[in-house]
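Asks: Here it is, the structure in full.
And the structure:
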C-alpha cells in the first residue's frame, strides 16, 4: 500500500471516529439540553448543568482521544487486510447465531476490561497524573464521553486489539459494538436521568448501569466503576451505598 493510500485510509477512519463521537454526543446534547430542556429539567442529577468552559475542556480532550482511537483503528484495519486478525466478511463462515453471540461476548469482555482498568486508573500514583483529566468533569456532560488523558485513551483503546485477536468477529458485529459503546458512553455522561424510577427495582433489568450510576462516580470518585453492568461493582463491593436512593 502506497503512502497516499495509507493517508487516505487513516483520514477515512479518523473522520468516521470523529463523527461517531460528535453525532452521538451532539445528538444527546441537542435533545436533552437544548430542544427538550424544560421537559427534563427535573431529572437533572446534580441540579445544575455544566459550564460552557467545562464542556469545551471535555471536547478538546475528546479530540485527542479520537486521534488515538483512529490510529488504533488504522492499525487494526491494516492488519485485517493482511489477514492477521479474526475479522471476517462472510456471515456464512460462522453463521447468524455467532453474530449475536460474538456481540454479547464483546460487551461482556469490554465491561470486564473497563472495570479493572478503571480501578487501576484510580491508583493514587496514576490518578493524579492520568485519570484526573476525566474526573475534572465532576458534573459531566455528553461531551465528556471521550475526555481522557492520552495515556488513558491508549488503555481504553486496548479493548479493540483484544477483541479482534481473540473473538472471530464479522464486520457488522464490530460496527454494532462500536455504536453500542459510544451510545452507552454518552448516556453515562448525560447528566440527566432519563430512565423511570422503577428501573432500579426491576431485577430483570437493574443490572444495567444508568446515567445516575456513572454520575455518582464522577461526583464522589470512589465507587461505581462499572461501564455497562453493575455486576462487578456488586461483586467487589464498590457500588455507591445510596445509588438506588439517588436514582429514585
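In my numbering, the protein residues as written are 177 to 424. Ideal Cβ placement from N, Cα and C applies to all residues, glycine included.
1) Let me check one thing: in DSSP terms, what residues is residue 264 bridge-paired to?
2) Can residue 403 and residue 386 be called in contact, C-beta distance under 8 Å?
3) So, helix, strand or coil for residue 412, using DSSP?
4) Going by the DSSP bridge assignment, what does residue 220 pair with across the sheet?
5) Mapping DSSP to helix, strand and coil, what is residue 397?
6) Please classify residue 249 as buried or exposed, where buried requires at least 16 other C-beta atoms within 10 Å of its C-beta.
7) So, at 6 Å on beta carbons, what are the nonlocal neighbours of residue 289 in its own chain, with the 5 sequence-adjacent residues on each side left out?
8) Taking one C-beta from the segment 192–206 and one from the segment 275–295 each time, how about it: are there three or more such pairs within less than 8 Å?
9) Go to residue 318, then tell me how far its alpha helix (DSSP H) extends in each direction, as first and last residue.
10) With a Cβ-Cβ cutoff of 8 Å, do residue 399 and residue 388 count as a contact?
11) Look at the Cβ atom of residue 329, then the Cβ atom of residue 358, and state whether they are nearer than 8 Å.
12) Could you give the DSSP three-state label for residue 325: helix, strand or coil?
13) Rounded to whole angstroms, what is the Cα-Cα separation between residue 363 and residue 306?
14) Considering just the uninterrupted stretch of the alpha helix (DSSP H) at residue 314, what are its terminal residues?
15) Return yes when the Cβ of residue 275 is within less than 8 Å of the Cβ of residue 267, no when it is not.
Replies: Let me spell this out:
1) Paired residue(s): 346.
2) Not in contact: residue 403 and residue 386 (Cβ atoms no closer than 8 Å).
3) Correct three-state label for residue 412: coil.
4) 368.
5) Three-state result, residue 397: coil.
6) Residue 249 sits buried, since 16 or more C-beta atoms from the chains shown fall within 10 Å of its C-beta.
7) Counting only Cβ-Cβ distances below 6 Å, and skipping sequence neighbours, we find 335.
8) Because the criterion of three Cβ pairs below 8 Å is not met, the segment 192–206 and the segment 275–295 do not touch.
9) Segment: none, residue 318 is in no alpha helix (DSSP H) and carries neither H nor E.
10) Result no, Cβ atoms of residue 399 and residue 388 do not sit closer than 8 Å.
11) Taking C-beta atoms as the reference points, residue 329 and residue 358 fail to come closer than 8 Å.
12) Reduced to three states, the DSSP call for residue 325 is coil.
13) Here the alpha carbons of residue 306 and residue 363 stand approximately 23 Å from one another.
14) Residue 314 -> no alpha helix (DSSP H), and no H or E assigned at all.
15) With contacts defined by Cβ atoms closer than 8 Å, residue 267 and residue 275 form a contacting pair.
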